[in-house]
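Data first, discussion second: the structure below is written as structure tokens.
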Amino acid sequence: METNLVRVLEGQYLDELTSELCDFTLEEQNAATEAQGVKPLASSDYIPIVGKTVTYVVACVIVNDSNEVLMMQEAKESCAGKWYLPAGRMEPGETIVEAGVREVLEETGLKVEITTLLAVETAGGSWFRFVLTGNVIGGELKTPSQADQESIQAKWCQNLNELSLRANDILPVVELARNYRKRVPKDPNWHREILPARKAHYKNYLRVVVAIKNKSTNQVYVLLSEKTAYHFPTVEIHPGRSIHSTLKKFMIELFGADLPQHRPHGVLSVEHHTTDGQANPTDGLCLTVLVICRPSIESVSLIGKCIWHELSKDLSARLAMAVAGKNATFQLHVNSTFEDKWPSMRPVVLSLLKQERVTPSEWQELFFAVHLVCLWDDKGPLKIHESLQQDIVAYIKQAQCRVLAQREEQALLKAYIVEWRKFFTQSNYLPLPFAKLESCLQSKGSSSSVSSSGAGASSSSSSSATATGAGTSHNSAACASASTSSSSASSSSSKKPTHAEDSIVRKLMLDSWNQSIFMNIKHRLQESAMKLVHAERNGEAFDSQLVIGVRESYVNLCSNTEDKLEIYRENFEAAYLHATSSFYRLKASEQLQTNGVKSFMEYADAKLREEEARGERYLEPGSITALGQCCVTVLIGDHLPTLLAECAPLIEARETQRLQLMFRLLDRVAGGVDPMLRDLENHIVQAGLADMVAAADIITQDSEKYVERLLKLFRRFSDLVKEAFNDDPRFLTARDKAFKTVVNDITLFKLELPTSNTAMARGIKISTPESKCPELLANYCDMLLRRTPFSKRLTTEEIESRLKDVLLVLKYVSNKDVFMRYHKAHLTRRLILDSSADSEKEEDMVEWLREVGMPADYVNKLARMFQDIKVSEDLNTQFRSQTTRHDAINIKILNAGAWARGSERVSVSLPLELEDYIPEVEEFYKKKHSGRKLQWYHHMSNGTITFANNTGRFDLDVTTFQMAVLFAWNQRPNEKVSYENLRLATELPDPELRRTLWSLVAFPKLKRQLLVYEPAINNPKDFSENTLFWVNQEFAIIKNGKPQRRGKVNLVGRLQLSTERSQQEDNQSIVQLRILRTQEAIIKIMKMRKRLSNAALQAELVDILKNMFLPSKKMIKEQLEWLIEHKYMRRDDDDINTFIYMA
């Protein structure tokens, strides 16, 4: 071991270090850190690799015989023109000496021979700078004409103070090199010329030679580790900590908590050699450091891992000499305390606070100084923080004095804004150099061990920041560039750099401003700003930037990262809203009393817009909503009853512009529009019903006028909603709701429907009145689609437009199933009588009904009717081709499911010609379709007969019933026949016979009737058995007052397809179909839900049926009971209001 000590003292390398000989590996250090609950700063498998995970820098101090130092002028953009030593990073594959020779040659043009190592500088465990010196052996000094990217020029310099240096950190090592050159040869106070030993290491190690004396014998001892084999204690250098921190932790590991007083004396040797190009290249090194223990060996205890070894007298004397000489070892620059650095840091900090110019080199030096203090001084971060706070508070007190010196309000605001903006601008820049301080303080706050946390730092931040101060030729470029731009930005706030919102230094600045000046004058600031806003509201002019500046200070002052607007909202916003409310509460009342409601609405609308624009200038975006609510409350909400009282009269007078203004105002108030909606609904209902009642004489007689009146009303109300309320969906809904009431009103038209199936079965006449609107709509459609004088006046486009108008009104009809019933009856008549005006429009109407949501089964049946007509035409053609009789008779064979209503079949005794014809048709159809049965609907049939009398011959279009009656006189044209005989001859039911006879004796369009009767009566119900009927031999068609001898008359009219009992049966069938649809919907719902409450069932049921009709609660209840009785469903045993489906 003494041989090894001698080799170390001579700068030679020892045997290769392995993990077995390392007493405190990085893995063991991390384990100890994790045991304290702190996350490790570096991975346990860290390997030093140049250019990737470790930075080695060389700096060469070459001094000539004239004591001049070789300097070079920087060419890099970030520090161009500045002077510095030849220095730069080592490159992969280089040794320390080779890197030094290369840097001097590249940057100065001279060839040098490196003679010795002077010092080792470290910053963290992954950045090292080796300071070398030597002699010039050749080359030529670089001139400006030879400038390149490495440097502009080089020169020898005696006084470095005459140069503009890139950084002042080179001054101590220049002095060290000059002193080394002037030393006396073999001076024991100076180390010999020793170069780094060429020895490769896989990792970075710190070997410590701990020396201690026995003060009684004056004998020197060194510490040896017993791990694996005797060796000097060795620790793996932590890449994320300083050398000082690593050494301190290692000493604790060796001596325990009772650590003896000690100091690092210097570096004895440096071992490094590159392995670049090998399979596993590494760039590790080993620093051997001499550590002196000050107490005597008798008072120092070991913890069993090491032993003390007594040196021989000669070696003891040699080591004692090295200890005694200040420069007997290479200097290890690791000691940068707060007290050393703060005097040079403070002037730069004060200049930044005052927005005075800071040079790029001063800016860089501040970064470097903060970093060094945080690395080497355990209490340095806290001391910097405290000193910063003192200087910041002192600066703020001065600013406060300057502000309070102003007496006039606007002057006070101007002074405050100037001071605040200057201070806030610097709060964005001053924290930048203190990034290392913040990381240290944060790590201290998250760890229970102050000493271990304070030394920790990430390897990336330490290498970047320290490189700036150390003057490396590569890494400092980016830092210097950033500092230059930041420095120039300090004088202008137009371009802010990025910064962490939770910066500790920034928070310190903002909190200090808040506590030192803001809390003292904030009320005066608020009052002054609000007075200016008040003056603006009264029409006075002022500099709006004063209010904006105050607002900005409130916004930017808060350091709460979770709520950046806390101070602004609690102070400025609250004061602004209070001032606004007070101002308009007084002004609004004055305006309303003086000018009335209509003018007040215009005033309120203008002020709301004005305040919104003012708020966008003076408030934060998030406050605009609160301001709007405040203004709405005092301008509208407080006067809401007064404003609403004008709504109904405005609607009545159709003052759309004022209504639009009122709507715009009240829509800002929660629920403010609801009374307007009710007023609109009431107006539409009242005005609509009044209009319908006023036109009752016209619309009750003509379905065309009725529908057109409804459409006119709808358009009138729609125009009102559009012009006054901009077609707002809420008002459109109110219009629809009210118009639905008008459409379904029963004041003028009533449709009496039986209330229940039970009542119909018992023959009890209990009815519920419903609107007759759907029946009239169906009649109107019939007028458009049938060949009538009305439809003939219209073009195809006009018919289509009016049909779509019908569909529009139909949307508001509650009982659409009534329309379905009558529309189908009219369509049946048109198709059977072939009276459609346009078959294409007929089919289009079916599709339009499908589009507006009419039930699919209903629409499909209508479509099937068209198909049946086409098929029937083909059958008729085939039948007539097979018979020679009755070539003038047509047959229509239709599908009973789509057309027929079974209860409408009426028996009648047909004329012989028709009676013989029926078997022949049935036989023909049987051959075509076996298994099908024909049912004859005589009331749906018609024909043309020739009527001859004394006046002339006439062709009459008649129903089958009319034909049967007229054929009673075919063999006896001049006889009088009694009512009883006609009943026996025709076999018609009494109601149908009376109805048919009345159409022949009192047809509205004939001046001379076909039949004459006696005695005279006014109603067909008054016909008696003895009433006599005979053919009117004077019957003729009268045109222009003259009887015609020839002509054609249509006597079918509305008798076709209806019977005396069909009207009642229509109403009953509507109710019956409703019952069936209700039952069907209930079963459909229950089959899907399986189990459902009564309320939920009724809600779903109404939703399904609302497009056809709205079932009454009574009907729903009856059908539920019927379905339960017939075992389709049952009530829950535990809850009678819950139903369960039974499969």
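Going by the numbering used here, the first residue of the sequence shown is number 32, and it counts up by one from there.
Cβ coordinates follow ideal geometry from the N, Cα and C atoms, glycine included.
Alpha-carbon spacing of residue i relative to residue j, whole angstroms
i, j, result
"D869", "L880", "17 angstroms"
"E828", "T990", "34 angstroms"
"V937", "H970", "7 angstroms"
"S518", "S195", "Annotation note: pLDDT 32 at S518 (below 50); position unreliable, coordinate value reported separately. If you take the alpha carbons of S518 and S195, they lie about 17 angstroms apart."
"L45", "Y233", "14 angstroms"
"W544", "E643", "31 angstroms"
"M1173", "N1138", "28 angstroms"
"T1090", "E1023", "Because T1090 sits at a pLDDT of 48, beneath the cut-off of 50, its placement in the model cannot be relied upon, and the following sentence gives the value as read from the coordinates. If I take the Cα positions, the gap works out to 7 angstroms."
"T146", "T592", "57 angstroms"
"S479", "E417", "At S479, the pLDDT of 35 sits below 50, so the modelled position is not reliable; the number obtained from the coordinates is stated separately. If you take the alpha carbons of S479 and E417, they lie about 21 angstroms apart."
"H505", "D200", "Because H505 sits at a pLDDT of 32, beneath the cut-off of 50, its placement in the model cannot be relied upon, and the point is left open."
"E874", "A856", "15 angstroms"
"C91", "E302", "19 angstroms"
"I1048", "F1054", "7 angstroms"
"E953", "H960", "10 angstroms"
"P312", "V331", "42 angstroms"
"W187", "K414", "41 angstroms"
"L541", "A242", "51 angstroms"
"A106", "V389", "21 angstroms"
"A63", "L48", "22 angstroms"
"A894", "V877", "7 angstroms"
"Q1040", "A679", "58 angstroms"
"S120", "A130", "Looking at the sequence itself, residue 120 is Arg, so the reference to Ser does not match. Cα to Cα, the separation comes out at about 8 angstroms."
"P227", "L191", "28 angstroms"
"D1166", "S1143", "23 angstroms"
"E329", "L36", "23 angstroms"
"N1050", "S1009", "17 angstroms"
"A208", "V89", "14 angstroms"
"Q386", "I535", "20 angstroms"
"T529", "L461", "Residue confidence for T529 is low, a pLDDT of 43 falling below 50, so the modelled location carries little weight and cannot support an answer."
"S490", "L397", "Note that S490 scores 31 on pLDDT, short of 50, meaning its location in the model is unreliable and no value can be drawn from it."
"F454", "L381", "12 angstroms"
Identity of the residues DSSP links to residue i by a beta bridge
i, result
"W114", "Q104, L196"
"E874", "Its beta-bridge partners do not exist; DSSP assigns none."
"W1061", "V1043"
"K186", "M102"
"Y236", "E267, C317"
"I1171", "R1122, R1161"
"L879", "Looking at the sequence shown, residue 879 is not Leu but Trp. DSSP lists no partner for W879."
"Y1188", "No answer is possible for residue 1188: it lies beyond the span of the chain, which begins at 32 and ends at 1174."
"K142", "G169"
"G297", "L321"
"R817", "S867"
Cβ separation of residue i and residue j, assumed to be a contact under 8 angstroms, to the nearest whole Å
i, j, result
"P270", "L285", "At roughly 21 angstroms, the Cβ-Cβ gap does not stay under 8 angstroms, so P270 and L285 are not in contact."
"I448", "L539", "In fact, because the Cβ distance is near 22 angstroms, the residues do not count as touching under 8 angstroms."
"V143", "V167", "5 angstroms"
"T360", "H275", "The pair is not a contact, with the Cβ atoms about 16 angstroms apart (cut-off 8 angstroms)."
"A765", "L711", "5 angstroms"
"G983", "A1067", "7 angstroms"
Residue-chain proximity (residue i, chain B), Cβ-Cβ < 7 angstroms
i, result
"L623", "The chain labelled as chain B is not found in the depicted structure, where only one protein chain is given."
Is the region 342–350 touching the region 208–228, taking contact as three or more C-beta pairs under 8 angstroms? no
If contact is defined by three or more beta carbon pairs under 8 angstroms, each pair taking one atom from either stretch, is the region 71–80 in contact with the region 252–266? no
Pairs of beta-carbons, one from the region 310–323 and one from the region 235–254, closer than 8 angstroms: are there three or more? yes
Mind pulling the alpha helix (DSSP H) runs of 4 or more residues that sit fully within the region 241–293? 274–286
3-residue-minimum beta strand (DSSP E) runs that sit fully inside the region 727–768, ordered along the chain: none
Write down every uninterrupted run of the alpha helix (DSSP H) in the region 822–867 whose length is 4 residues or greater and which is fully enclosed by it, in chain order. 827–841, 847–864
Any alpha helix (DSSP H) of 4 or more consecutive residues that is wholly inside the region 648–724: 655–666, 671–675, 678–684, 687–697
Between the region 170–183 and the region 137–155, can you find at least three pairs of beta-carbon atoms closer than 8 angstroms? yes
Could you say if the region 1015–1032 and the region 939–952 meet the contact criterion of at least three C-beta pairs nearer than 8 angstroms? yes
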